[in-house]
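Participant: Residues in the sequence shown are numbered from 15 upward in steps of one, following the working numbering.
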Amino acid sequence: CAYELDVALVEGPPHDERIDSRTWREEELICIAAPDHPLANREDVAIDDLKFHPWVLREEGSGTREVVENALAPYGLPPQQSLEIGGAEGVKQAVAAGLGIAIVSREAAADQIALGKLSWLRVTEIEIRRPFYVLHLRSRPTSPAAKAFEKLL
Numbered sequence: 015c016a017y018e019l020d021v022a023l024v025e026g027p028p029h030d031e032r033i034d035s036r037t038w039r040e041e042e043l044i045c046i047a048a049p050d051h052p053l054a055n056r057e058d059v060a061i062d063d064l065k066f067h068p069w070v071l072r073e074e075g076s077g078t079r080e081v082v083e084n085a086l087a088p089y090g091l092p093p094q095q096s097l098e099i100g101g102a103e104g105v106k107q108a109v110a111a112g113l114g115i116a117i118v119s120r121e122a123a124a125d126q127i128a129l130g131k132l133s134w135l136r137v138t139e140i141e142i143r144r145p146f147y148v149l150h151l152r153s154r155p156t157s158p159a160a161k162a163f164e165k166l167l
């Protein structure tokens, strides 16, 4: 049985000419730390301050990791030696346990920040946003159901 996909929502641009894409929305990525981390109570954090702390990163191949590494590379971050964990939830748990700092989706961390389980480090020199895309195959017309779905977005 073959399955066909009318529309897809993804976090990175497609690298295939057979796929048509448009930006759907953007998401802010923020730096987080455990509430008892030395940087946690500062009003503003300089990006250079982040160089002296261990990092928790998403797994190799993660779209989030790619966005974070590209944004931080000009500043010499993240350091080569970092803890690597698969999945955003695992990253947040490692940060809450004090294993390092990380950059994650603001939406994904909002509940833990509100509950005091994570702290938002407001890094002054950098703002990281990642786009999400709506994808269609160029070779097929968009179905009525897919058009209706997109209107809901």
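Heads up, the beta-carbon is just placed ideally off N, CA and C, and yes, glycines get one too.
On a predicted model such as this, the values are computed, not experimentally measured, just so you know.
Counting only C-beta atoms, is residue 36 closer than 8 Å to chain C at any point?
Facilitator: Absent from the structure: chain C. Only one protein chain is present.
Participant: Could you give the DSSP three-state label for residue 18: helix, strand or coil?
Facilitator: Residue 18: coil per DSSP, three-state reduction.
Participant: Can you look up residue 116 in the DSSP assignment and give me helix, strand or coil?
Facilitator: Of the three classes helix, strand and coil, the one that applies to residue 116 here is strand, per DSSP.
Participant: Using 10 angstroms around the beta-carbon of residue 167, count the other beta-carbons present and answer buried if the total reaches 16, otherwise exposed.
Facilitator: Exposed, by the Cβ-count rule.
Participant: Does the contact criterion of 3 or more C-beta pairs under 8 Å hold for the stretch 89 to 97 versus the stretch 16 to 29?
Facilitator: Not touching, per the Cβ criterion.
Participant: On the criterion of 16 or more Cβ atoms from any shown chain inside 10 Å, does residue 101 qualify as buried, or is it exposed?
Facilitator: Exposed, by the Cβ-count rule.
Participant: Suppose contacts are defined by Cβ-Cβ distances below 8 Å. Is residue 71 in contact with residue 92 by that definition?
Facilitator: In this structure, residue 92 lies closer than 8 Å to residue 71 by Cβ.
Participant: Pull up the distance between the alpha-carbon of residue 121 and that of residue 142, whole angstroms please.
Facilitator: Near 13 Å, if we compare the C-alpha coordinates of residue 142 and residue 121.
Participant: Look at the Cβ atom of residue 54, then the Cβ atom of residue 133, and state whether they are nearer than 8 Å.
Facilitator: The answer is yes: Cβ separation under 8 Å.
Participant: Need the endpoints of the alpha helix (DSSP H) that residue 163 sits in, please.
Facilitator: 158 to 166 is the span of the alpha helix (DSSP H), which, as asked, contains residue 163.
Participant: Leaving aside the five residues before and after residue 42 along the sequence, list all residues of the same chain whose C-beta is less than 6 Å from its C-beta, in chain order.
Facilitator: Same-chain partners within the cutoff: 120, 143.
Participant: Between residue 77 and the rest of its own chain, which residues show a CB-CB distance below 6 Å, the 5 nearest in sequence each way excluded?
Facilitator: The answer, listed in chain order, is 25, 26.
Participant: Along the chain, where does the alpha helix (DSSP H) containing residue 86 start, and where does it finish?
Facilitator: Counting along the chain, the alpha helix (DSSP H) containing residue 86 begins and ends at 77 to 86.
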